[in-house]
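Some notes on the structure that comes next.
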Amino acid sequence: MSKLRNTLNVAIVGNPNSGKTTLFNILTGLHFKTGNFPGVTVDKKIGKFSIGKDVTIRLIDLPGTYSLHPNSPEEAVNLNYFIGKEERDSADVILYVADSTALDKQLLLLHQLLELELPIVLALNMSDTAKKYGVQIDINNFESTFGIRAVAVSARTGEGIETLKNTIVTVATHPTDRIKDHTSWYKPELEPLIEEVKRRVGIENSYLALLIAEHNNYVLNQWLKEEDRNSIRLLLAEAGYRPLSRQIEETMNRFKIIEPFVEQHVKQKFDHLDITGKMDSFLTHRFFGPVIFLIITFIMFQAVFSLAAIPMEWIDKGFVQIGFYLEQVLPEGNITKLFTEGILAGINGVLMFVPQIGIMFFFIVLLEESGYMARVVFMFDRVMRIFGMNGRSLVSLISSSACAIPAILSTRTIKNRKQRLITLFVAPFISCSARIPVYTMLLALVVPNVYIWKFIHLQGLAFFGLYIIGAGMALFIAFLMKWLIKKEERGYLMIQLPSYRMPHWRSVANEVKDKVSSFIWTAGRIILVISVLLWLAANTSTSGTLKGVERKYTTIAHQQGLDAKATQILVASKKLEHSFAGKFGKGIEPIIRPLGYDWKIGIALLTSFAAREVFVGTLSTIYSVEDESQHKGLRKKIQEAIDIKTGQKIFNRATTLSLLVFYILAMQCMSTLAVVKKETQTWIWPIIQFVVMTGLAYFFAWITYSFFK
């Protein structure tokens with residue numbers, strides 16, 4: 007019997023779509039910290055929960071994978087975790103999560119983990135669904151055959167959770183006898199190689215040493231130095247060893263054990279896969295499938311506008327009232343103006359669009375949780391190959407509707423290098439959530455807030471159209487790249503389609519909360535800093551300049567007989583024009599005038615390169631400085647903005663449509679360029695990406711303005 011420590015490290019492992027993350031959430035009560043695994047940008051969740059008064063479980067959520075043989079940096083996270091030797095992170099127990107309704111496909115990874123000789127608890131998840139389908143599992147035989155403890159649980163209903171917690175502690179203190187059978191992978195001729203790796207890395211497990219030898223490119227530098235890698239490669243070459251052939255042989259040998267076992271000890275009254283198959287025959291149909299997907303997407307964009315309209319209006323009006331109140335109670339001066347015109351305007355530019363972004367994330371998470379997103383990948387694989395990509399590329403493109411950065415990182419799962427390069431290059435053409443504030447503000451200026459046939463929201467329809475334009479351009483550029491990039495490499499798609507299931511609503515809510523919080527925190531910091539800096543630039547100039555401007559235009563206003571309000575607007579506008587921000591905007595105005603933009607829009611274009619959503623925050627600050635009234639919301643100020651030179655509205659139809667086209671196509675995100683550089687290991691591709699996207703945006707924005715003016 008081993009001594010029980012106060013804190014136990016438990017690694018939660020399983021296949022994608024096994025319900026692993028949902029189980030992690032219910033065990034930790036949604037109290038966890040996120041970060042990144044060493045050496046790769048993959049979400050790392052660590053949560054804690056207590057059993058009794060004395061034992062704390064530290065739960066580490068490893069990325070879902072089908073095998074310990076990695077084919078990408080993300081899949082290598084599991085291998086690197088088990089190599090790690092720090093006591094703080096090394097696992098005392100492995101909690102393996104398997105979908106009870108698909109055990110024949112879920113046990114390969116478990117069978118490999120048995121070789122690591124660590125205590126394992128098998129959580130047979132989705133037991134409620136298994137019962138519904140008449141699935142009967144002989145748990146005792148699972149335990150005796152594999153030398154592990156097994157518990158039937160349901161992360162959805164909470165069934166078996168307390169038993170699972172207690173079993174983890176029991177296994178940590180009373181490890182079961184493991185039946186060791188290495189016939190599926192062991193070859194005597196590999197012994198010298200295995201011993202050499204064990205010596206160099208400082209580990210004792212032979213199977214782990216073999217994995218390190220076969221996948222040394224994926225092993226972190228802290229475990230395997232370059233000289234060690236070279237030595238291992240030399241040993242492999244000298245032995246004429248072919249890792250892929252051995253891996254295939256190992257996998258087939260394991261399935262020869264797993265499949266008869268599942269067939270003997272897992273019984274079903276009727277085949278639930280038949281129900282899934284019937285649904286798939288319609289939902290993934292060659293004609294009806296894409297139509298259904300477009301309808302679902304259309305409904306999503308309708309909801310983004312129609313459901314979010316009222317809370318957005320509340321938020322905007324709420325900030326108007328807060329600004330007005332603060333204007334009354336705070337002492338008059340620059341500090342008060344900095345807060346009301348700079349900081350408050352910047353915060354409004356973030357929070358006003360949270361309802362729309364939250365609804366967008368809700369739909370995306372819903373599609374993933376239900377199992378439908380995997381069908382979309384499968385369904386569009388053949389279509390995506392026409393454009394030089396594959397079905398997994400579609401996941402990245404859909405992910406771009408939230409943010410291009412994780413979408414580009416997700417291309418690591420695409421094994422074909424040409425397909426991956428094309429996907430990460432065109433992903434930013436898909437409109438991300440950062441564009442939603444820009445689209446929402448501009449569409450409200452040119453598209454009436456009405457319904458067609460009483461259920462189709464016209465602004466939502468236009469919003470959907472903007473995404474279609476971006477997606478169309480992405481596919482067009484991808485098609486060109488397919489022919490321009492000569493590198494040919496065979497590509498393939500391997501994906502397990504999960505059963506359809508009702509989403510776990512608590513997990514959905516938590517995922518949406520995390521994503522929205524991340525947006526507020528990430529975008530909010532940038533917008534807040536830029537808003538403050540912009541306010542300072544808009545209220546300062548060379549010594550005495552702004553006071554001179556105030557005196558001059560106060561006199562002119564008096565001579566023209568303007569009232570107090572008109573005088574205030576004229577003076578504020580001229581002071582802004584002669585400030586540092588105004589001079590900078592005037593300097594770039596000749597470049598953007600052909601697109602219909604004035605110097606104020608020019609400032610917003612440049613500041614929004616930090617993040618697209620900064621465009622709205624910048625305009626909010628500029629127009630708050632120009633019109634100090636706190637009685638108007640952001641939309642009202644922008645809608646009423648007048649070009650003093652022409653006397654016309656600044657945001658007329660031609661200019662607004664030109665801006666919409668510009669933001670659909672432009673690369674207005676420095677973070678995305680940085681990630682592309684990191685992923686391609688060169689500045690060549692991000693520079694080409696920036697030039698191509700900005701050039702297309704300028705050209706088509708000019709065409710649009712010229713046509714509509």
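Per my numbering, residue 7 is the first one in the sequence shown, and the count goes up by one each step.
We put the beta carbon where it would ideally sit given N, CA and C, even for glycine.
Residue j beta carbon less than 8 angstroms from that of residue i
{"i": "Leu-68", "j": "Val-19", "result": "yes"}
{"i": "Val-522", "j": "Val-371", "result": "no"}
{"i": "Gly-70", "j": "Pro-22", "result": "yes"}
{"i": "Gly-394", "j": "Lys-488", "result": "yes"}
{"i": "Ser-376", "j": "Pro-509", "result": "yes"}
{"i": "Gln-270", "j": "Val-141", "result": "no"}
{"i": "Gly-166", "j": "Ala-158", "result": "yes"}
{"i": "Met-106", "j": "Ser-133", "result": "Per the sequence shown, residue 106 should be read as Ser rather than Met. Taking 8 angstroms as the Cβ cut-off, Ser-106 and Ser-133 qualify as a contacting pair."}
{"i": "Ile-442", "j": "Met-366", "result": "yes"}
{"i": "Asn-12", "j": "Arg-512", "result": "no"}
{"i": "Leu-109", "j": "Val-310", "result": "no"}
{"i": "Asp-98", "j": "Val-175", "result": "no"}
{"i": "Ile-200", "j": "Leu-226", "result": "no"}
{"i": "Ala-156", "j": "Ile-145", "result": "yes"}
{"i": "Leu-451", "j": "Thr-688", "result": "no"}
{"i": "Phe-469", "j": "Phe-714", "result": "no"}
{"i": "Ile-436", "j": "Ser-407", "result": "yes"}
{"i": "Lys-580", "j": "Val-555", "result": "yes"}
{"i": "Ser-24", "j": "Val-83", "result": "no"}
{"i": "Pro-434", "j": "Thr-678", "result": "yes"}
Start-to-end residues for the alpha helix (DSSP H) that takes in residue i
{"i": "Tyr-102", "result": "Looking at the DSSP string, Tyr-102 is not in any alpha helix (DSSP H); the run it does join, the beta strand (DSSP E), is 99 to 105."}
{"i": "Gln-270", "result": "249 to 271"}
{"i": "Ala-158", "result": "That residue, Ala-158, is in no alpha helix (DSSP H); its beta strand (DSSP E) goes 155 to 158."}
{"i": "Ile-209", "result": "That residue, Ile-209, is in no alpha helix (DSSP H); it is neither H nor E in DSSP."}
{"i": "Gln-734", "result": "What is shown of the chain runs 7 to 715, which leaves residue 734 out entirely."}
{"i": "Arg-557", "result": "551 to 565"}
{"i": "His-345", "result": "According to the sequence provided, residue 345 is Phe. The question's His does not apply to it. Where Phe-345 is concerned, there is no enclosing alpha helix (DSSP H), given that its DSSP letter is neither H nor E."}
{"i": "Leu-446", "result": "Reading the sequence as shown, one finds Thr at residue 446 and not Leu. Taken as a continuous stretch (DSSP letters only), the alpha helix (DSSP H) holding Thr-446 covers 442 to 452."}
{"i": "Tyr-224", "result": "Note, Tyr-224: premise wrong, no alpha helix (DSSP H); not H, not E."}
{"i": "Tyr-87", "result": "82 to 89"}
Burial state of residue i (16 or more Cβ within 10 Å)
{"i": "Val-46", "result": "Caution applies to Val-46, whose pLDDT of 47 falls short of 50 and renders its modelled position unreliable; the model cannot decide the point."}
{"i": "Asp-234", "result": "buried"}
{"i": "Arg-206", "result": "buried"}
{"i": "Gln-228", "result": "exposed"}
{"i": "Glu-374", "result": "buried"}
{"i": "Met-676", "result": "exposed"}
{"i": "Ser-287", "result": "exposed"}
{"i": "Lys-171", "result": "buried"}
{"i": "Val-432", "result": "buried"}
{"i": "Asn-236", "result": "exposed"}
{"i": "Ala-245", "result": "exposed"}
{"i": "Trp-527", "result": "exposed"}
{"i": "Gln-636", "result": "Reliability of the predicted coordinates at Gln-636 is poor, the pLDDT of 46 falling under 50, and no value is obtained from them."}
{"i": "Lys-119", "result": "Note on residue identity: the sequence assigns Leu, not Lys, to residue 119. The residue is buried, with at least 16 neighbouring Cβ atoms inside 10 Å."}
{"i": "His-75", "result": "buried"}
{"i": "Pro-181", "result": "buried"}
{"i": "Tyr-224", "result": "buried"}
{"i": "Gly-35", "result": "exposed"}
{"i": "Ile-353", "result": "buried"}
{"i": "Asn-455", "result": "exposed"}
{"i": "Met-604", "result": "A quick correction: the sequence has Asp, not Met, at residue 604. So Asp-604 ends up on the buried side."}
{"i": "Tyr-331", "result": "exposed"}
{"i": "Gly-41", "result": "Unreliable positioning characterises Gly-41 in this predicted model, as indicated by a pLDDT of 46, which lies under 50. The coordinate reading is nonetheless provided below. Its Cβ having fewer than 16 others within 10 Å, Gly-41 is exposed."}
{"i": "Lys-59", "result": "exposed"}
{"i": "Lys-9", "result": "Only weak support exists for where Lys-9 lies, its pLDDT of 46 falling under 50; the value from the coordinates is given anyway. By the 10 Å Cβ count, Lys-9 comes out exposed."}
Residue i, enclosing beta strand (DSSP E) - first and last residue
{"i": "Asn-15", "result": "13 to 20"}
{"i": "Asp-2", "result": "Residue 2 lies beyond the residue range present for the chain, which begins at 7 and ends at 715; the question has no answer from this structure."}
{"i": "Ala-129", "result": "126 to 131"}
{"i": "Ile-143", "result": "141 to 143"}
Any 3 or more C-beta pairs closer than 8 angstroms across the region 382 to 397 and the region 538 to 550: no
Given 8 angstroms, three or more beta-carbon pairs between the region 254 to 265 and the region 112 to 122: yes
Three-pair Cβ contact test at 8 angstroms for the region 667 to 679 versus the region 694 to 705: yes
Segment contact, 8 angstroms Cβ cut-off, at least three pairs: the region 470 to 477 with the region 331 to 349: no
At least 3 beta-carbon pairs within less than 8 angstroms: the region 124 to 131 vs the region 288 to 299: no
Three-pair Cβ contact test at 8 angstroms for the region 578 to 585 versus the region 550 to 560: yes
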